[in-house]
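As they're listed, the protein sequences go chains R, W and L. For what it's worth, our numbering labels the leading residue of the first sequence as 1, then goes sequentially. For what it's worth, our numbering labels the leading residue of the second sequence as 1001, then goes sequentially. For what it's worth, our numbering labels the leading residue of the third sequence as 2001, then goes sequentially. For reference, the structure is listed below as structure tokens.
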Amino acid sequence: MIHKTLSALGAAAIALTLSTPATAAEGGPTIDMIKERGSLLCTGHNGSYLGFAEVDDDGAWSGFDIEMCKALATAILGSPDALQIIPVSWAQRFPALQSGDIDVIIKVTGWTMSRDTELGLQYSRPYFIGPTNIMTRADLGVSTPEDLEGGVFCINAGTSIERIVADYMGARDISYEALNFEKPEELRAALYAGRCDALAGFGPFLAATRFNAPNPDDFVILDAVLALEPEGIVAREGDDSFIDVINWMMSALLMAEEAGITMDNVDEIRANPPSSSIERLLGVSPGVGERLGLSDDWAYNMIKAVGNYGEIYERTVGDDSVYKLPRGANRLWKNGGLLYPLVLD
Amino acid sequence: MSDATLAPPPGDSRLAYLRRRLFSTWFDGIVTVVSGLALLWLITTVLSWALLDAVWSEENAEACKDAAGACWAVIDARGRLILFGLYPYEQHWRSALGCAIIIATMGLSCWPAMWGMWRLLGLWLAGFGSFVILLHGGVFGLEVVTSEQWGGLALTVFIFASVFVIGMPLAVVLALARRSNLPIISWMAAIFIDTVRSLPLLTILFAAAVVVPFVLPDWAQGTKLGRVIFGFALFYAAYQAEIIRAGIQSIPKGQEEAAQALGMTYRSTVLDIILPQAFRNTLPSTINQVVITFKETSIVTIIGFFEVTASASAAVGRGEWGAYYVEVYVFVALVYFIFVFGLSRYGAYLERRSRLSHV
Amino acid sequence: MLKIWRNRTLRGTLIQGLVLLGTVALFASFVLTARENLVSQGIATGFGFLERSTGWPINFSLIEVSDRSPYSRMLLAGFLNTIYVGLLGLAAATLTGLVVGMMRISSNLVLNILGTIFVETFRNVPLILQVIFWYALLTHLPPPRGAIDLAGVGFLSNRGLMLPAPALSAMDLAILALGLLGVLFSARRMGGTRSGLTWVLGLGALAALFTVLLLTGRAPDMPLVSIPELRGLRFVGGLTVKPEFAALLIAIMMFGGAYVAEIVRGGFLSVDRGRLEAAKALGLSSWQIMRFVHIPLAIRAMLPALTNQYIWLMKATTLGVAIGYPDYFMVVSTSINQSGQTIELLLLLMGGFLAINYVIGGIMNTINARLAIKGRS
């Protein structure tokens, strides 16, 4: 009797397995939801996080993270406008994701163990790699973190920076006082006013904040690197196909840069692709979309709308922006950086 | 009573009145001189800072650095960001018009001729409905602007108006439930009201934004703004319910009994006898609660909405205008002041009016 | 069926049963949905995280905490911070309100005007805006190295107000506070003519206790009074009032003060003139009328409104999160982000505030019952 039941169950299991199509063409729950809604819900800030997500005088969002949101929206829905930026604070980003207020966190979110495991989050490959630095007031004459003994550090509340600073300073037995702010505006105002001696944070953000200061020369960024943080795009756990889409979106942006495909020449290259992998990337030969549950021209649309990774970088924080940040670790591997595309076969 | 002491006794000349109010004893005289100087100093300081020494237009941004007074140029440069937040720039007129409609609706409902349940209901449905259509768009060729992009004063006004529109009926229900003869119902209403009243509004809004989605199935979640407004409305309803209950208790029990004796139904007794009187008796407290609610809309800035307080911080958060935070906060404070002061004056007027009609 | 519906008692029972059932079902569905969501997203649940170390510090606490403290201790620190700023804020708002309220009812016209300006300015602007404003003002003071010198013993800078402090430990302070309570209590018990003597004796004993504690309870090489001095980036020694704390306190003091002033004014105006005239007819001096008739009657009229105002102000301390004062709400909010235990932490947050408010409500009701005129309800 038991045998019979077991074998029946086994047969059913096999039948089920076989009946599932080998190519996972459907997009998974998150993508289905996004398609049904017709827009991607992506993170903004409860204020301006300079360089990555800032509000201009007209009330429009811009910055590196926002461009990545646009890229993802274009990949899934075909248009960078199919996007809603939801302002959330640092502390609310995870609850907001878990509760479904947003589909994805693109908000320079460091890949840490507790977030990956306990919070039920799923990280993409790093889309931005940067150091955690300290910026201090120039008139203090400080050159190392040790000189900041007893100083006040301004830190964004609810970020991994809080823990990185505690670790770094604790290990070196440097006493300090942490002042945590929920809103980037309050944080910046406190720094500019001199309420704190130092601002600890993500290096590129510090550079942008310094640039934006009433007088940038009042501030210096110390050479010391507290930690190197790989920033990932975060989705809810248990939706592998969505993470696939995000990873391949990143990969496509990097591949486009490697192959020299830009916003301007993408049509030209699509008309006569130099290699078969580019043919696949731009959807000239089918397959690249179907396997992710997207249309075949998703990567083409995306590059057409926001450009390749390098273009996004230069436009938002690099040479074409006011901040002029060097690319550093965020260069392609062949230029000495840490970023590389995956193999598109 | 208070008015009686303030008015000059008959036959008191203006000079004698001033003398009595300013220099009745030598001690009073010293107090008058000292506090008078303080008042004078206050007035001149504020006047010269805000008006005489101020820089007014954006072109003069450089002049602000040397000016002794206020730099209103920052309002010139960032005013639209403060008032409209994230709303698309070309569509700002919709936001402005929507605000004007809601303000007009509020103004009209202060007019005693409009005080009837159906009239008020119609007025608010029309005003509120056209506000939402105007801001959200999607019809009449208006571009769709989702609520995530709403901001500034329009968002403040929207939150306030929706809290009022949802909260008021809820409050009536809660107040009636708490006074109900059915023990379980009144007991449950009491627990609900007391619990909500002892929680900070911020925790309720936070729970609505962050926790409620966990406990609701997907189809019932709505948007974050919607949940926060609903949470806010519950909070308002808990306070307003106690006000209404006090109003009901101030009505002599005999009236209810008389209505019953006349064979009126519960519905008719409540709608025609109890509630109109309860509202009239508690108008001042209701207005007071409405004023508090308007001010408390500023708290949503903490949970990530770009209403007028948040967009004010955003306006000073960037380098160039960071030094002129006082001007921006004073400007926003004035915006609130106009609403709140106006409403509270109106409340005082109603109080006088009702006192006169009772005597 | 209709017959049952017409039967009032039966109908009542039926409605109540349905409502109760509906509520229970609603809550059950909440719990089930929450469980399902948490499990499907792989989020850990339960209160086990309270024992884990936080990994982040806070900058202001009445008890010793660091980044190695467990969540439970960090939450306790935040809770105490809320009570601390709340109680001080209530006291400050009450004093301000008393002064301004008296100005509003004074016969002096200029005082009237000043009082009215105060009330209308601070009552009609949202509290959070005031908090942000005061904070911006305080952080724009000069930096520590250019601090404003207050007669060489105190300093005012954008790091706060530094004051000299007697070298007393927290334990010593607690002993002194208990002593003060004891004096207060015995002075009340003695009452009448002997209360003055009790006061003198009690305060004398307290002063002696203070001296003994100051002389004995410290390391031998420590000075009696620690005076703040600039060392490196900061002031060392003395007592520091931080800008975050000060801004929140000032805002609560001004905003609450404006409301309390109106309550005080209302209380005094509500006293029946007939009673005051009766007191006058009995030959009481105007001071005696104030002390024994006007003030006691006014306080009775104020108490219910004051209770509500106190509870409101206590809840308003949550706005500290806007300027980085680590109150209970801010600690909970950061904990939620760092540990992900959203629901558990929110329950703790609400529980904490319910407890605070029930205690305030209880205390005020007791006072109210004590003060109530005997023989009247």
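Beta carbons: idealized from backbone N, C-alpha and C, even for Gly.
Whose C-beta lies closer than 6 Å to the C-beta of residue i among residues of the same chain, with five residues either side of it excluded?
i, result
"proline 2164 of chain L", "Val2153, Val2225, Ile2227, Gly2238"
"arginine 2145 of chain L", "none"
"aspartate 297 of chain R", "Gly283"
"asparagine 133 of chain R", "Gly203, Leu206, Ile221"
"alanine 1238 of chain W", "Ile1193, Val1196, Arg1197"
"alanine 1068 of chain W", "Asp1053"
"leucine 2161 of chain L", "Val2241"
For residue i, does the count of other Cβ atoms within 10 angstroms reach 16, so buried, or fall short, so exposed?
i, result
"proline 126 of chain R", "buried"
"isoleucine 1338 of chain W", "exposed"
"leucine 1042 of chain W", "exposed"
"serine 99 of chain R", "buried"
"isoleucine 2360 of chain L", "buried"
"isoleucine 2250 of chain L", "buried"
"glutamate 1062 of chain W", "exposed"
"aspartate 103 of chain R", "buried"
"tryptophan 1093 of chain W", "exposed"
"arginine 1021 of chain W", "buried"
"valine 2212 of chain L", "exposed"
"glutamate 1148 of chain W", "buried"
"tyrosine 1266 of chain W", "exposed"
"methionine 113 of chain R", "exposed"
"proline 2126 of chain L", "buried"
"alanine 146 of chain R", "The displayed chain sequence assigns glutamate, not alanine, to residue 146 of chain R. Classification of glutamate 146 of chain R: exposed, given that the 10 Å Cβ count is below 16."
"phenylalanine 2049 of chain L", "buried"
Who are the near neighbours of residue i in its chain, counting only those whose CB is closer than 8 Å to its CB and skipping five residues on each side?
i, result
"methionine 2364 of chain L", "Leu2303, Leu2306, Thr2307, Tyr2310"
"proline 214 of chain R", "Tyr192"
"leucine 2371 of chain L", "Pro2296, Ile2299, Arg2300, Leu2303"
"alanine 2044 of chain L", "Gly2340, Gln2341"
"valine 1145 of chain W", "Tyr1087, Pro1088, Gln1091, Arg1094, Leu1135, His1136, Gly1137"
"leucine 1081 of chain W", "Gly1152, Ser1311, Ala1314, Ala1315"
"aspartate 218 of chain R", "Arg137, Ala138, Asp139"
"arginine 2052 of chain L", "Pro2070, Tyr2071, Ser2339"
State yes or no: is the beta carbon of residue i nearer than 8 Å to at least one beta carbon in chain W?
i, result
"lysine 2242 of chain L", "no"
"lysine 107 of chain R", "no"
"serine 99 of chain R", "yes"
"proline 2126 of chain L", "yes"
"serine 2107 of chain L", "yes"
So what does residue i bridge to, in DSSP terms?
i, result
"histidine 45 of chain R", "R:Val88"
"glutamine 122 of chain R", "R:Ala235"
"threonine 136 of chain R", "R:Ala198, R:Val220"
"glycine 130 of chain R", "R:Glu229"
For chain L, check one thing: does any of its Cβ atoms lie closer than 8 Å to the Cβ of residue i?
i, result
"valine 1074 of chain W", "no"
"alanine 1333 of chain W", "yes"
"alanine 61 of chain R", "The sequence given here places tryptophan at residue 61 of chain R; alanine does not occur at that position. With 8 Å as the cut-off, tryptophan 61 of chain R does not count as an interface residue toward chain L."
For residue i, which residues from the same chain have a beta carbon less than 7 Å from its beta carbon, with the 5 sequence-adjacent residues on both sides left out?
i, result
"alanine 259 of chain R", "Ile278"
"alanine 1208 of chain W", "Arg1227, Val1228, Phe1230, Gly1231"
"leucine 1998 of chain L", "Residue 1998 of chain L lies beyond the stretch modelled for chain L, which goes from 2001 to 2377, so this question has no answer here."
"valine 2139 of chain L", "Residue identity differs from the one stated: residue 2139 of chain L is threonine in this sequence, not valine. Asn2158, Pro2243."
Would you say residue i reaches chain R, if we count a Cβ-Cβ gap shorter than 8 Å as a contact?
i, result
"alanine 1208 of chain W", "no"
"glutamate 1143 of chain W", "no"
"glycine 2237 of chain L", "no"
"tyrosine 1325 of chain W", "yes"
"arginine 2159 of chain L", "yes"
"phenylalanine 1306 of chain W", "yes"
"tyrosine 1329 of chain W", "no"
"serine 2270 of chain L", "no"
### Query
Given 8 Å as the limit, is there contact between the segment 1152-1167 of chain W and the segment 1302-1317 of chain W, that is, 3 or more CB pairs closer than that?
Yes, since at least three Cβ pairs between the segment 1152-1167 of chain W and the segment 1302-1317 of chain W fall closer than 8 Å, the two stretches touch.
### Task
Decide if the segment 1129-1149 of chain W is in contact with the segment 1245-1264 of chain W; the criterion is three or more beta carbon pairs, one per stretch, under 8 Å apart.
They do not touch, by the three-pair rule.
### Cβ contact (3+ pairs, closer than 8 Å) linking the segment 2059-2066 of chain L and the segment 163-180 of chain R
The segment 2059-2066 of chain L vs the segment 163-180 of chain R: in contact.
### Task
Could you tell me whether the segment 2252-2263 of chain L touches the segment 2091-2110 of chain L, where touching means 3 or more Cβ pairs closer than 8 Å?
Yes, the segment 2252-2263 of chain L touches the segment 2091-2110 of chain L.
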